[in-house]
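Right, one structure below, let's go through it.
Protein chains: 2
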Amino acid sequence: MSKLTSELREAFRAADLRPTAQRYAVLEFLVSGRRHSTAGEIVRGVNRTGSAASRATVYNSLRALSRAGLVREVFTGGSAARFDATLHPHHHYICDLCGAIEDMAWFEVPAPAAARVLQGRHVRAYEVVYHGACRRCRNSKSGRGDI
Amino acid sequence: MSKLTSELREAFRAADLRPTAQRYAVLEFLVSGRRHSTAGEIVRGVNRTGSAASRATVYNSLRALSRAGLVREVFTGGSAARFDATLHPHHHYICDLCGAIEDMAWFEVPAPAAARVLQGRHVRAYEVVYHGACRRCRNSKSGRGDI
DNA sequence: CTGAAGGCTTAGATTTTGTCTAAGCTGACG
DNA sequence: CGTCAGCTTAGACAAAATCTAAGCCTTCAG
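Quick mapping for you: the protein sequence lines, in order, are chains L and B. Count along the first sequence from 1, add 1, and you get the number used in the working numbering. Count along the second sequence from 1, add 1, and you get the number used in the working numbering.
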């Protein structure tokens, strides 16, 4: 068993999630594979790597992993939900014109300002989402960025 | 014409958007109505208030308003995209267990930390999205507290 | 070790969400 | 007015997500 897999097994135990081959496969795909995968991509990806999982199971697994905090659904702007493993936090930049999503390096939002508005709410994680016109759209703009 | 409507008219002019009855209706629904509506709710809501707009038009309007920065698609965690009017900025708190979305008061994220990762990107707006277990879910939990 | 019990998985149907198209309508502007 | 470009529309279409009923597997008490 790989080091990665034992790390995942530990995460499952900590989250009180019943460990199944399918859930491992989904999480492993997200941790080691591409970011921002759609559920459909995950289904195809998982079934290409020897494991097998039906569509319904992938959806169920994503929900379970999401509730456990191991996976997060990220802002898309597109028609399909996209998922990220949450082991490495990062912020997002979204172009309002073409819909592109860019990852940005992590930095902490100072606690004092946030604490006032959170009012004691439980926080497991957070991210900052920036909106604007990306470089490409700004360059190819003609008054109003032709997408 | 209501004060609200003239405010919207001004917003349209500033954004260089052709003002149509349907776009007014969509924006007005989002500004004055419930927050975080799905496209489907907007279609139903608009058509219940005397105005009329087809599904395609609502989607087109949302895209146009989004490009103009008057409306924003917010992270949901659900199966359908949700939209928010952006006239008054605020942050979001999302419950990973039940999917509830709560608005939170605005505060600024200090610029220095952000500037480093933005690397000169154009920013029109931003928001912080917090994830956790909401009060209701924490109280009604069955022994697994702070997931 | 053994055998329930309840959660997990599955295929496929179904529902929901979002996009596209072709034709007609309308706001902007001279 | 008259024209043009952009907007709206109904409905077909495509994609995404959920539901269902039956069987399988992890767990845990005995």
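C-beta atoms are modelled at their ideal positions from N, C-alpha and C, and glycine is treated no differently.
Between L:I43 and L:V27 a beta carbon distance of about 6 Å is seen, short of the 8 Å cut, so the two are scored as contacting. Under the three-state reduction of DSSP output, B:T87 falls in the coil class, being neither helix nor strand. At the C-beta level, L:A115 and B:F108 come within 8 Å of one another. If you ignore the 5 residues before and after B:R56, its C-beta comes within less than 6 Å of the C-beta of V44, all in its own chain and listed in chain order. Residue-level contact by beta carbon fails for L:E11 and chain B, as no gap is shorter than 8 Å.
When C-alpha distances from L:A15 are compared across L:R49, L:L63, L:Y60 and L:R68, the shortest belongs to L:R68.
Three or more beta-carbon pairs separated by less than 8 Å are not found between the stretch 89-109 of chain B and the stretch 91-105 of chain L, which leaves the two stretches without contact. For L:V72, no alpha helix (DSSP H) encloses it; the enclosing beta strand (DSSP E) starts and ends at V72 to V75. CA-to-CA, the gap between L:S38 and L:A65 works out to about 17 Å.
Looking at B:C138, B:V72 and B:Q120, the one whose alpha-carbon comes closest to that of L:V124 is B:C138. The C-beta of L:E74 has 16 or more other C-beta atoms within 10 Å across all chains shown, which makes the residue buried. The beta carbon of B:P111 falls within 8 Å of a beta carbon belonging to chain L, placing the residue at that interface. Linking B:T50 to B:A22 through their CA atoms gives a straight-line distance of about 12 Å. Within chain B, no C-beta atom comes less than 8 Å from the C-beta of L:R49; the nearest is roughly 25 Å away. With distances taken between CA atoms, B:R36 lies nearest to B:D85 out of B:Q120, B:Y131, B:D85 and B:E8.
Ranking B:G46, B:G41, B:Y25 and B:A40 by CA distance to the CA of B:G34 puts B:G46 first. When the beta-carbon positions are compared, L:Y60 and L:A81 stay at least 8 Å from each other. Interface flag for L:E128 against chain B is set, since a Cβ pair is found closer than 8 Å. Taking the C-beta atoms as reference points, L:P20 is found no nearer than 8 Å to L:F30. For L:V124, the chain B residues whose C-beta falls within less than 9 Å of its own C-beta are Y94, Y131, H132 and G133, listed in chain order. L:R136 and B:R122 have their C-alpha atoms some 7 Å from each other. At a cut-off of 8 Å between beta carbons, L:S67 contacts chain B.
The bridge partners DSSP lists for B:I102 are B:I95.
With a threshold of 8 Å between beta carbons, B:R19 makes no contact with chain L.
DSSP, reduced to helix, strand and coil, places L:A53 outside both helices and strands of the structure shown, so it counts as coil. Counting only the Cα atoms, B:R24 lies some 39 Å from L:S62.
Excluding its 5 nearest sequence neighbours in each direction, L:D97 has C-beta neighbours in its own chain below 8 Å: H132, G133 and A134, listed in chain order. DSSP places B:V118 inside the alpha helix (DSSP H), whose first and last residues are A112 to L119. For L:F84, no chain B residue has a Cβ inside 7 Å of its Cβ, as the nearest lies near 11 Å away. If you draw a straight line from the Cα of B:E11 to the Cα of L:A53, it comes to about 55 Å. In chain order, Y94, M105 and Y131 make up the part of chain L whose C-beta sits under 8 Å from the C-beta of B:L119.
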